[in-house]
Amino acid sequence: MNYVAFAEPTGHTVNQTFYLEVLRRLRSNVRQNRPDLGQSGDWFIHHDNAAAHTAISVRQFLAKNGRVPLSRKKTREELSDISKEDFKKCFEQWKYRWNKCISCSG
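Everything in the sequence shown is counted per this note's numbering, starting at -7 for the first residue and increasing by one.
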């Protein structure tokens, strides 16, 4: 699984216009740098319920581009099946990958 993180400039307000631009850049970068994922559609966007993320224009963009977020209820149900040991292992692997990205300036 691949992870991409975007950080907004300090002091910048994240509104639906800004978030749509981030999503457009992300889609373009996936298509350009990972054509296998771009063609298969086998990638996901994870975001919270912030107003910019749930705006109608954002939901329409995601639906138009096949990126409909998973239902939070369904996600919670799937996560409840994971043992504490497996979750801890996954979390430690995530921290390792995150630190590796930071050390590579990526």
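Ideal Cβ placement from N, Cα and C applies to all residues, glycine included.
{"Asked": "Near the ligand FMN: isoleucine 48 beta-carbon under 6 Å from a heavy atom", "Found": "Absence of the ligand FMN from the depicted structure is noted, as is the absence of any ligand whatsoever, leaving it without description."}
{"Asked": "DSSP state of valine 14 mapped onto helix, strand, coil", "Found": "helix"}
{"Asked": "contact_flag[the stretch 39 to 47, the stretch 85 to 92] where n(CB pairs < 8 Å) is 3 or more", "Found": "no"}
{"Asked": "Lysine 81 at chain B interface by Cβ criterion, 7 Å", "Found": "Included in the structure is just one protein chain, with no chain B present."}
{"Asked": "CA-to-CA distance, aspartate 28 to glutamate 13, given in whole angstroms", "Found": "23 Å"}
{"Asked": "Coarse secondary structure for asparagine 7, derived from DSSP in three states", "Found": "coil"}
{"Asked": "Arginine 17 beta carbon less than 7 Å from that of isoleucine 37", "Found": "no"}
{"Asked": "Residue of Ser72, Ala42, Asn57, Ile94 minimising C-alpha distance to asparagine 7", "Found": "Ala42"}
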